[in-house]
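Notes follow once the structure below has been shown.
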Amino acid sequence: MTRLENGVTTRPNTDRKSLCNFQFPPPNIADRLEGYARFIFNRIAFSKHSPCAVVKNGRFLPRGDMTLVGLREHAEGESVLSVSLADKKTGHTKSACFTLDERYFVPAVGQGCRLLSTVEQEGLFGLIELCPYQAVRIWIFFPKPIPVAEALSQVRMLKKRSFLSKQGKIFPTESGDDSFLVLPPHPDPETGKWSLVLTLPEAEALLDGMPYDKPGPIWKDLVPPPEMNEEDDVDDTLMEYLSDSCSDGWSDLRKRSPHPELHKEEGSQETIAQGARERTSARSNLDRFEDEAPSEGIRRTQPIRPMSNLVPSVIGRLLDNSPMAIPTPSGVLNDVLNGGWSVGQVHLLVGPSGEGKSTFCGWTSDFSANNNIPVLYVSFQNTCQQLAMFALARTAQINSAQIVGRKWMDPNYEEAAVLSKSIIGAGRNYFRTGDHLQILDPEGPLETNRLEDAIRETRSLAQLSENDPILVIIDSIREVIPQRSTRSRNESGKQSIIPQAMMELKQIATRNQAAVITTLDVRSNNLNRLQWTHSSNVENESDYLLVTPFADVVLLLESRETRLVSQSTNDTQDRTEEHRLLDPLDHLLEESGHHPLLAKRIQEIRKSYPLLPEASSTYCRLAVLKNRAGRTETHPVFRYDRAFHDFDSIPLDNHKVLMEAIRSLGEEEDRDDAASGN
28 MTRLENGVTT
38 RPNTDRKSLC
48 NFQFPPPNIA
58 DRLEGYARFI
68 FNRIAFSKHS
78 PCAVVKNGRF
88 LPRGDMTLVG
98 LREHAEGESV
108 LSVSLADKKT
118 GHTKSACFTL
128 DERYFVPAVG
138 QGCRLLSTVE
148 QEGLFGLIEL
158 CPYQAVRIWI
168 FFPKPIPVAE
178 ALSQVRMLKK
188 RSFLSKQGKI
198 FPTESGDDSF
208 LVLPPHPDPE
218 TGKWSLVLTL
228 PEAEALLDGM
238 PYDKPGPIWK
248 DLVPPPEMNE
258 EDDVDDTLME
268 YLSDSCSDGW
278 SDLRKRSPHP
288 ELHKEEGSQE
298 TIAQGARERT
308 SARSNLDRFE
318 DEAPSEGIRR
328 TQPIRPMSNL
338 VPSVIGRLLD
348 NSPMAIPTPS
358 GVLNDVLNGG
368 WSVGQVHLLV
378 GPSGEGKSTF
388 CGWTSDFSAN
398 NNIPVLYVSF
408 QNTCQQLAMF
418 ALARTAQINS
428 AQIVGRKWMD
438 PNYEEAAVLS
448 KSIIGAGRNY
458 FRTGDHLQIL
468 DPEGPLETNR
478 LEDAIRETRS
488 LAQLSENDPI
498 LVIIDSIREV
508 IPQRSTRSRN
518 ESGKQSIIPQ
528 AMMELKQIAT
538 RNQAAVITTL
548 DVRSNNLNRL
558 QWTHSSNVEN
568 ESDYLLVTPF
578 ADVVLLLESR
588 ETRLVSQSTN
598 DTQDRTEEHR
608 LLDPLDHLLE
618 ESGHHPLLAK
628 RIQEIRKSYP
638 LLPEASSTYC
648 RLAVLKNRAG
658 RTETHPVFRY
668 DRAFHDFDSI
678 PLDNHKVLME
688 AIRSLGEEED
698 RDDAASGN
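As structure tokens, then:
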């Protein structure tokens, strides 16, 4: 809320209003105990291995693992409960808390909104907690438990993108030990006022001067339950117990305990799992709970956001010196892709089997690794040994058949010594490249969550900072499947898996600063680029049509000669041209209408980049079928040395050649007009 004073827009006097003078409404969580317990155990605490402590006189007195009884006492104000965010057994955490000391109301809420806005842009969920003792806590909740180090890295990245200048403190700590943090909400020991927990829309409304007198959120509706770990049924058991714990059950909780005296000694209280075993009818109640339609509170977890909220993080990313694209081996392709393989995007390489897609992936991965860009290569098409042999052939520029067949061991082969020396030299040269290249060849389909684990491991091995890019190559997308928790909700068959995997792959790319290249084999009777654009000749076009909407870039690799389809009515000419084969350079010329300037450039290319019989060379091109925020008129061309498993980039931009011709023609016409005018 703003007002005009002497023609100047100013904020009301809440700018200098102290947090301690804010009217904090009571939370009344004791009346919403079931929902509050769901929230705490879903988003903050583990049902086992979450150490807790009672706060007395500014000291933390450990009381063993978190229990429902202790949580109830905290809600009713009988004690102030704190918890360790890190699971003491696994070292994982479900959440992180960023604490800022801030005296005044408006800066406290404003900084919380900035960070929480960035949190939600990253697909996470968070809450702002205003504390009466002049502090603000921003809670960040992860979809599933993650290592503490990874959580801290994400929080630092979010803080950086939010342009928060204050350092603050992050929980859990670096060591992930039992450093306790008071549960939200909690009372101020001096004033007795409870902290106020807000969603982002509620905090923004409060910042705009709107009155706020709600006792606190409806905890049960605040967030949906997180994805459960299928190997751990403790959280599920807890949900069973809570589903059967109605309001009357809570009041009688201690009476049901086989050890009624345990409420005095929390350190030895019955665990959640033990208490749950007494409730045999809980499963039916949980089923009823899960069958209910999502509540309004759950829908609020993904609110609509004004575009202005994106500006700070976008500007911060643009001004950051870290690369936003990974260069390719082709200068022309770099121009088409605005610098290279874009970080956070998925690039789909399509074409028939045997066209050279795997070789292209190996070639570009070697280039990136040789330039110290970490690469994760996920290969379903070739084994690690095959990839290594192809890399040696590419480095030594020798026929891979000689390596596979170990030609140097043939006593009748005269060049055996030279070949052996070349392979050893290639191996030495490739050591440096191989240090930056991690290979993963799964034995079966790979779930996206396992893929993300491999990406994070690669980043960790390379000791990357949070904004450093990584190249991820997946050959091919058909073998990547959604993680089990999301796949179980969709039983519509195989076709639904591919687009779902692509969506998750794009999210993974965004979260991990990764540029992703993946391949898709598609059979076709005709490789004409215009027909591919409309998928009119693709035999199994269903997969192609399902995948391409989720890709940021779609490239068609053409490396084979195809027969010319003549439109002439002359029978003799038809018979003559029917047997004429066109390579990709010929197709490029055909699509330009046989422009003479382009024909001249292509003729020069054939002389400068001749086909090598010993390498079984062919010309090839990348037809750009889709390119978000980029060009599609230019088709980069290459020489493909099949036997060497190598590509050679050719400096030809067909679109620029045609534009230069048009510009020259226009200048010539202007000169003619000027001459005729004189």
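Mapped onto our numbering, the consecutive letters of the sequence shown carry residue numbers 28 to 705. Even glycine gets a Cβ: it sits at the ideal position worked out from N, Cα and C.
### Query
Are Val549 and Leu375 closer than 8 angstroms when you measure CB to CB?
no
### Task
Indicate whether the contact test is met: 3 or more Cβ pairs, each with one atom in the segment 611-623 and one in the segment 644-660, closer than 8 angstroms.
yes
### Query
Between the beta-carbon of Ala209 and the beta-carbon of Ser109, is there less than 8 angstroms?
Sequence inspection shows Val at residue 209; the Ala mentioned does not correspond to that position. Yes; because the gap between Cβ atoms is below 8 angstroms, this pair is in contact.
### Message
I need the DSSP call for Val684, collapsed to helix, strand or coil.
### Response
helix
### Query
Can you find a heavy atom of the ligand SAM that lies under 7 angstroms from the Cβ of Ser122?
The model on display carries no ligand, and the ligand SAM is accordingly not part of it.
#### Entry: For Leu419 and Ala453, believed in contact at Cβ under 8 angstroms, the rounded distance
5 angstroms
### Query
With distances taken between CB atoms, is the gap from Leu584 to Asp570 smaller than 8 angstroms?
no
### Query
What did DSSP end up calling Glu585 once you bin it into helix, strand or coil?
strand
### Task
On a CA-only basis, which of Asp675, Leu491, Ser369, Glu201 is nearest Arg655? Give me that one, please.
Ser369
### Task
Would you mind stating whether Thr475 and Gln429 have Cβ atoms separated by less than 8 angstroms?
no
### Query
When the Cα atoms are used, what is the spatial distance from Thr126 to Ser144?
16 angstroms
### Task
Please name the residue in Pro211, Ser385, Ala541 whose C-alpha comes closest to that of Asp495.
Ala541
### Query
If you check the beta carbons only, do Asp610 and Ala642 fall under 8 angstroms apart?
no
### Leu106 versus Glu100: straight-line alpha-carbon distance, rounded
Reading off the sequence, residue 106 comes out as Ser, not Leu. Taking the straight line joining both Cα atoms gives about 6 angstroms.
### Task
Spatial neighbours of Leu685 within its chain, please: CB distance less than 7 angstroms, with the 5 preceding and 5 following residues excluded, ordered by chain position.
Ser619, His622, Leu625
### Task
Look at Pro354 and Gly366 and say whether their C-beta atoms are less than 8 angstroms apart.
yes
### Query
By Cβ distance below 6 angstroms, which residues in the same chain neighbour Ile535 in space, the five residues on each side in sequence not counted?
Glu479
#### Entry: Residues that DSSP places opposite Val8 in a beta bridge
The structure shown does not extend to residue 8, since the chain is modelled only from 28 through 705, so no value can be given for it.
### Query
At which residues does the alpha helix (DSSP H) containing Gly378 begin and terminate?
It is not in any alpha helix (DSSP H) - Gly378 instead sits in the beta strand (DSSP E) that spans 373-378.
### Message
Can you give me the C-alpha to C-alpha distance between Gln424 and Lys196, rounded to a whole angstrom?
### Response
55 angstroms
### Message
Measuring alpha carbon to alpha carbon, tell me which residue in Asp215, Cys79, Asn348, Gly383 is nearest Val90.
### Response
Reading off the sequence shown, one finds Arg at residue 90, where the question assumed Val. Minimum Cα distance to Arg90 is reached at Cys79.
### Task
Have a look at Pro333 and Gln148 and give me their C-alpha separation to the nearest angstrom.
11 angstroms
### Task
On the DSSP bridge assignment, give the partners of Pro664 in chain order.
The displayed chain sequence assigns Val, not Pro, to residue 664. DSSP lists Arg648, Ile677 as partners of Val664.
### Task
Determine the burial state of Pro472: buried for a count of at least 16 other Cβ atoms within 10 Å of its Cβ, exposed for fewer.
exposed
### Query
Pick from Asp128, Cys158, Glu493: whose alpha carbon is nearest that of Pro54?
Cys158
### Query
Between Phe190 and Phe87, is the Cβ-Cβ spacing less than 8 angstroms?
no
### Task
Within 10 angstroms of the Cβ of Lys384, are there 16 or more other Cβ atoms? Answer buried if so, exposed if not.
buried
### Task
Name, in chain order, the residues that DSSP records as bridge partners for Phe87.
Val82
### Query
In chain order, what residues of the same chain have a beta carbon less than 6 angstroms from the beta carbon of Arg283, not counting five sequence neighbours either side?
Its pLDDT being 36, under 50, Arg283 is placed unreliably in this model, and the value from its coordinates should be taken loosely. Excluding positions up to five away in sequence, the list is empty.
### Query
How long is the line joining the alpha carbons of Glu441 and Phe671, rounded to whole angstroms?
20 angstroms
### Query
How about Pro401 and Ala489: are their beta carbons less than 8 angstroms apart?
yes
#### Entry: Rounded separation between Cys706 and Asn426 - CA only
Absent from the structure is residue 706, since the part of the chain shown begins at 28 and ends at 705.
### Task
Figure out for me which residue from Leu414, Asn456, Val574 has the closest Cα to the Cα of Ile508.
Val574
### Query
Who are the Cβ neighbours of His735 in its own chain at under 8 angstroms, not counting the five residues just before and after it?
An answer regarding residue 735 cannot be provided, because it is not within the stretch 28 to 705 covered by the chain.
### Message
If you reduce the DSSP assignment to three classes, tell me which class Thr546 lands in.
### Response
strand
### Separation of Ile544 from Gly153, as counted between CA atoms
32 angstroms
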